[in-house]
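Chains as they are written, first to last, in the working numbering: chain L, 6 to 268; chain P, 145 to 430. Idealized CB from N, CA, C, for every residue including glycine. Step one of this worksheet: look at the structure below.
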């Protein structure tokens, strides 16, 4: 039950998209998202969509999985469309009934915005679908590095993210164990109204927090006894290297960004 | 018959089809003291969680005191009141501000009256060897590890279970704590007529306390009988990388060296007697 929840949405694979350098992938994502906001007509979106489909094909991701990621924002998209249709004025009158007026400009802007949001989510989810959380944090650390000069502890932030990710499954397991132990004492986690249910969670949450703090203490000790010092220049096991494929991907992306933005 | 399992199979991971329990048939009688042994991952913990319906089997039937717990819509609270389960490191489940409140958590869930709860908490703490007046208002988190474990066990005892299951209750306790725990289990079994099921890696505990031993391997029950029977299968146990109680091991080794000696002995006293007898007879022969 609890352990069925997957962390992030990473789908394991060995495709060219998967093995690209995470730093390059993050930068490409940022560039292309920016370009997505510069696109001025539907042709740009069409090209962008083809590009996304191409990446999905290359990465051998199940299309269903990518589409599933759109579900949570469907409401937002619908709301955008509806608001634009009814509120934006301009163009020719398409439909009128009592106080409801739909004009062509509204319909156009609505679908335009909706396409933008859908493409945006689809594209960013490609990053998390094809990059393992650990690689992602590595990439983020590297990109944040220059900010060290302004006092931002990049390597500590990334270490914290890594540890947090690492301990999510452990805590899940722990939560399930405590839940069982309390159930054995007659605790009820399934029925009652909202407030009652929230209250019923106390016997689960208190021990869970205590164990999390205990683990944190132990981990800190273990790290210190192996001479960990945050922020010091640390070497890594998997050194990230920019390869030719990364450069190619970068050039292609920039080309795409420029094309779609000025279309 | 208190608990009965019929053809119980439990598959852990549907995709990979890992069988945690493989066609288990088992009967547990009132007033049994059962020891369950088996190496890690043999299915012991899964098995005992079946007893109080924390896990439902993939197939098979389970009866607890005549209630078919594998049916839908079973009154789980009733089942869990009959079968109490003390998990590994039970002190990790403590959460209340005071010892009293934590022990009262179970009875509270049973919706008992205030004075009944009060009585139960007193008795449970007393049984677990903690002085009621001294401990009731203390925070469970300021106690020593051994005391915390007693509070947690008292929390289960306050449910007044007829069957008490303990999963590795002595793990992480010092020798003194282990002895106290053993005494507690003995008392519960003898004086309070509670059926006890004990999972342990310490063969001494198993042999000294239980009247029946169940050996598990790969989700199956491989041996099931009195300690004397089970521990006579030395080779079988060794092939499962389980060891004999130290005392029994010594007697087996003596026999290997040609001594005519009994090996179905689990206490130091009996072993001393047997060895003195042997030495006496050797003297006579000389």
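Cβ neighbour criterion (16 or more within 10 Å) applied to residue 203(P):
By the 10 Å Cβ count, residue 203(P) comes out exposed.
Let me know the secondary structure DSSP gives residue 154(P) once reduced to three states.
In this structure, residue 154(P) counts as strand in the three-state DSSP scheme.
Terminal residues of the alpha helix (DSSP H) in which residue 221(P) lies:
Here the alpha helix (DSSP H) through residue 221(P) covers 220–226.
Mind the definition here: the segment 380–387 of chain P touches the segment 176–183 of chain P only if three or more C-beta pairs lie below 8 Å; say whether that holds.
Yes, since at least three Cβ pairs between the segment 380–387 of chain P and the segment 176–183 of chain P fall closer than 8 Å, the two stretches touch.
Bridge-paired residues (DSSP) for residue 339(P):
Residue 339(P) pairs with 307(P).
In chain order, what residues of the same chain have a beta carbon less than 8 Å from the beta carbon of residue 223(P), not counting five sequence neighbours either side?
196, 197, 208, 211, 213.
To the nearest angstrom, how far is the alpha carbon of residue 221(P) from that of residue 191(L)?
One C-alpha to the other measures close to 6 Å.
Below 7 Å on C-beta distance, what does residue 238(P) contact in chain L?
Residues of chain L passing the Cβ test: 212.
Reduced DSSP category for residue 176(P) - H, G, I as helix; E, B as strand; rest coil
Residue 176(P) falls in the coil class under three-state DSSP.
Distance, Cα to Cα, residue 9(L) vs residue 172(P)?
With a pLDDT of only 44 at residue 9(L), under 50, the local geometry of the prediction cannot be trusted, and no value is derived from it.
For the segment 286–304 of chain P, enumerate the residues whose C-beta is nearer than 8 Å to any C-beta of chain L, in chain order.
Per Cβ criterion, the list reads 299, 300, 303.
In whole angstroms, what separates the C-alpha of residue 96(L) from that of residue 109(L)?
Those two C-alpha atoms are separated by around 5 Å.
Taking the beta carbon of residue 253(L) as the centre, do at least 16 other beta carbons fall within 10 Å, making it buried, or is it exposed?
Around the beta-carbon of residue 253(L), fewer than 16 other beta-carbon atoms lie within 10 Å, marking it exposed.
Please report how far the alpha carbon of residue 75(L) lies from the alpha carbon of residue 17(L), in whole angstroms.
Cα-Cα distance, rounded: 20 Å.
Please state the DSSP three-state secondary structure of residue 230(P).
Correct three-state label for residue 230(P): strand.
Residues of chain P with CB under 8 Å from residue 69(L), in chain order?
What residue 69(L) touches in chain P: nothing, since even the nearest Cβ is about 18 Å away.
Please return the same chain residues whose Cβ sits closer than 6 Å to the Cβ of residue 216(L), not counting the five positions on each side in sequence.
Residues 179 of the same chain have their beta carbon placed closer than 6 Å to that of residue 216(L), with the five preceding and five following residues left out of the count.
Whole-angstrom C-beta distance between residue 193(P) and residue 235(P), which should lie under 8 Å
In fact, because the Cβ distance is near 19 Å, the residues do not count as touching under 8 Å.
So, is residue 243(L) buried or exposed, given that buried needs 16 or more other C-beta atoms within 10 angstroms?
The residue in question, residue 243(L), is exposed, as its Cβ has fewer than 16 Cβ neighbours within 10 Å.
Any Cβ of chain P within less than 8 Å of the Cβ of residue 10(L)?
Residue confidence is low: residue 10(L) scores 44 on pLDDT, short of 50, so the model does not pin down where it sits. No coordinate-derived value is stated.
Check whether chain L comes within 8 Å of residue 228(P), counting only Cβ atoms and requiring the distance to be less than that.
Chain L, which has a Cβ nearer than 8 Å to the Cβ of residue 228(P), makes this yes.
State the DSSP-derived secondary structure class of residue 25(L), mapped to helix, strand or coil.
Residue 25(L) carries a coil assignment under DSSP once its states are collapsed to helix, strand and coil.
Give me whichever residues DSSP pairs with residue 57(L) in a beta bridge.
DSSP lists no beta-bridge partner residue for residue 57(L).
Could you give the C-beta distance for residue 170(L) and residue 138(L), rounded to a whole number, given that I count them as a contact under 8 Å?
Confirmed, Cβ separation roughly 5 Å.
Could you pull out every residue in the same chain whose Cβ sits closer than 8 Å to the Cβ of residue 44(L), ignoring the five residues on either side in sequence?
Closer than 8 Å at Cβ, skipping near neighbours: 50, 53, 121, 265, 266, 268.
So within the segment 219–265 of chain L, which uninterrupted alpha helix (DSSP H) runs reach at least 4 residues, ignoring any that extend past its ends?
You should have found no qualifying run.
Could you name each continuous alpha helix (DSSP H) segment of 4 residues or more that falls completely within the segment 262–289 of chain P, going from the start of the chain to the end?
The segment 262–289 of chain P contains these whole alpha helix (DSSP H) runs: 276–279.
Should residue 368(P) be flagged as near chain L, meaning a C-beta pair shorter than 8 Å?
Chain L contact via Cβ: absent.
Determine the burial state of residue 187(P): buried for a count of at least 16 other Cβ atoms within 10 Å of its Cβ, exposed for fewer.
Looking at its Cβ environment, which holds 16 or more other Cβ atoms inside 10 Å, residue 187(P) is buried.
Residue 275(P) versus residue 194(L) - alpha carbon distance
Cα to Cα, residue 275(P) sits roughly 32 Å from residue 194(L).
Provide the residue span of the beta strand (DSSP E) that contains residue 127(L), from first to last.
Per DSSP, residue 127(L) belongs to no beta strand (DSSP E); it is in the alpha helix (DSSP H), 109–135.
Three or more C-beta pairs under 8 Å: does that hold for the segment 254–263 of chain L against the segment 27–39 of chain L?
Taking 8 Å as the limit for Cβ pairs, the verdict is that the segment 27–39 of chain L does touch the segment 254–263 of chain L.
Which first and last residues belong to the beta strand (DSSP E) in which residue 205(L) is found?
First-last for residue 205(L): 199–205, but that is the alpha helix (DSSP H), not the beta strand (DSSP E).
Listed in chain order, which residues of the segment 240–263 of chain P have Cβ atoms closer than 7 Å to some Cβ of chain L?
Of all residues in the segment 240–263 of chain P, 249, 250, 253, 254 have a Cβ within less than 7 Å of some Cβ in chain L.
Closest Cβ-Cβ distance between residue 332(P) and chain L: below 8 Å?
It does not; no Cβ of chain L falls within 8 Å.
Within 8 Å, strictly: CB atoms of residue 347(P) and residue 388(P)
Their beta carbons are under 8 Å apart, which means residue 347(P) touches residue 388(P) by this criterion.
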